[in-house]
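If you read the sequence shown in UniProt numbering, its first letter stands for residue 1, the second for the next number, and so on.
Let me begin by presenting the structure, written as structure tokens, before commenting on it.
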Amino acid sequence: MPSVDRPTSERRAFWLFGTPISHSLSPLAHNTVFEALDLPNHRFELHETASFHDASVLERIRSPTFGGGAVTMPHKVEALPYMDSLGDEVNEIGSMNTIVVTGHVEENGVRRPRLEGRNTDTEGIRRALLSTLAEEMRNRAQPFGEGKSAFIIGGGGTTRAAINALSKMGLSPIWLVNRDPTETASIIASPPFAKYDLRPLERIEQWTDEEAARVACGVGAIPSIAPQSEGEKLVYALAERIFSSTKKLAGGPRPFMEMAYKPHVTLMYSIAQRHGWRPIGGEFWPESKP
């Protein structure tokens with residue numbers, strides 16, 4: 001949660017930037033906390049926008065009353081150039097989900113908040129997936145076991161955080177399922193990810209029985225929208241292949257962290273559940289919201 005260590009008499013506005021976000025429970029959660037902390041002039045609100053470059057966004061984050069904010073899909077990469085500094089984890093993965101006010105700066109004779117981009121996605125994804133394991137396994141270097149792999153559906157900022165989270169749990173290779181091969185190639189070529197075994201999954205036949213036996217978990221990082229383009233339809237066909245391939249294998253339900261949470265039961269959530277996976281809804285994952 002963004003810093004609130006200011007006098008209660010000062011008005012501070014906190015925002016969630018993204019789209020679609022009308023369903024978000026963040027205002028209720030944050031404003032309940034502000035009330036409990038006796039901060040009546042602090043308010044958390046939604047600002048739905050298709051682009052972080054929009055003048056309405058810049059007006060809010062540069063306002064003297066801006067107290068901090070959250071950044072969700074699809075702006076987790078787009079917001080980076082507007083920050084004055086970035087946390088180490090943001091520099092590592094190239095995406096952010098939190099704006100922290102760390103002071104003030106003078107710009108063209110005008111005093112505005114100093115903004116730092118941070119990311120809590122990696123730790124949130126990691127903890128959510130670990131929560132499905134027995135407690136004695138969670139602190140192991142490879143909590144899902146040796147020689148286990150994972151997959152991610154998506155290609156944006158959340159995907160970058162998920163790569164980091166899965167790699168920290170010793171999962172390799174990590175398969176990337178995305179409608180845009182160019183975007184996937186860009187991620188794989190990024191210097192921070194050169195040390196990982198990232199593989200694009202672009203054809204049904206790539207997902208063999210051997211891969212099915214190795215996969216331990218997955219992360220979904222795309223909006224729940226019915227596929228229209230050929231690329232989008234292929235993503236869902238590949239997802240069907242992955243989820244269905246483990247149905248007759250031993251080992252119990254594999255966890256699938258679904259980052260999208262509008263609606264609660266998304267298209268991917270439904271597919272995973274239908275094939276015996278254990279989907280985790282995006283609104284429940286720990287440490288995910290600033």
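Note that beta-carbon positions come from the ideal geometry of N, C-alpha and C, so glycine has one too.
Computed from a predicted structure; not experimentally measured.
How is residue i classed by DSSP in three states: helix, strand or coil?
i           : result
R160        : helix
G18         : strand
T184        : helix
R214        : helix
F193        : helix
E146        : coil
H81         : Note that residue 81 is Pro in the sequence shown here, rather than His. Residue state, collapsed to three classes: helix.
L86         : strand
I174        : strand
E135        : helix
R278        : strand
residue 291 : This structure leaves residue 291 out entirely; the chain is present only between 1 and 290.
L39         : coil
L166        : helix
E116        : strand
E10         : coil
P286        : Residue placement at P286 is flagged as unreliable, the pLDDT there being 39, under the threshold of 50; the coordinate-derived value follows with that caveat. In the structure shown, P286 sits in coil (DSSP, three-state: anything other than H, G, I, E or B).
What span of residues does the beta strand (DSSP E) with residue i cover, start to end?
i           : result
residue 297 : Residue 297 falls outside the range modelled here, since the chain spans only 1 to 290, and no answer is possible.
F151        : S149 to I153
F256        : P255 to E258
A70         : F66 to V71
P227        : That residue, P227, is in no beta strand (DSSP E); it is neither H nor E in DSSP.
R199        : L198 to P200
Which residue marks the beginning of the alpha helix (DSSP H) containing residue i, and which one marks its end?
i    : result
F243 : E230 to S245
I61  : A55 to I61
G124 : D121 to L130
E35  : S26 to A36
E205 : Segment: none, E205 is in no alpha helix (DSSP H) and carries neither H nor E.
Throw me the rounded Cβ distance for the residue i and residue j pair, which I believe falls under 8 Å.
i    : j    : result
T159 : A221 : 5 Å
L39  : S24  : That pair is no contact at about 20 Å.
R114 : D88  : 17 Å between Cβ atoms; not a contact.
L269 : G252 : Residue identity check: residue 269 is Tyr in the sequence provided, not Leu. Going by Cβ atoms, the distance from Y269 to G252 rounds to 18 Å, so no, they are not a contact pair.
T72  : I21  : 6 Å
G218 : E183 : Actually they are not in contact, since the Cβ atoms of G218 and E183 sit about 18 Å apart, beyond 8 Å.
I153 : L166 : In fact, because the Cβ distance is near 13 Å, the residues do not count as touching under 8 Å.
I204 : A161 : Not quite, the Cβ-Cβ distance comes to about 27 Å (not below 8 Å), so this is no contact.
F193 : I163 : 6 Å
F52  : H75  : 4 Å
G69  : L28  : The pair is not a contact, with the Cβ atoms about 16 Å apart (cut-off 8 Å).
V235 : P227 : 7 Å
**Message:** Below 8 Å, how does it come out for the segment 57-66 and the segment 99-118: are there three or more Cβ pairs, yes or no?
**Reply:** At 8 Å Cβ cutoff, the stretches touch.
**Request:** Tell me, please, whether the segment 173-180 touches the segment 245-252 by the rule of three or more beta-carbon pairs shorter than 8 Å.
**Result:** These segments do not touch.
**Message:** Using 8 Å as the cut-off, can you tell me whether the segment 166-173 makes contact with the segment 254-267, which would need three or more C-beta pairs spanning the two stretches below that distance?
**Reply:** Segment contact: the segment 166-173 against the segment 254-267, fewer than three CB-CB distances shorter than 8 Å; contact not assigned.
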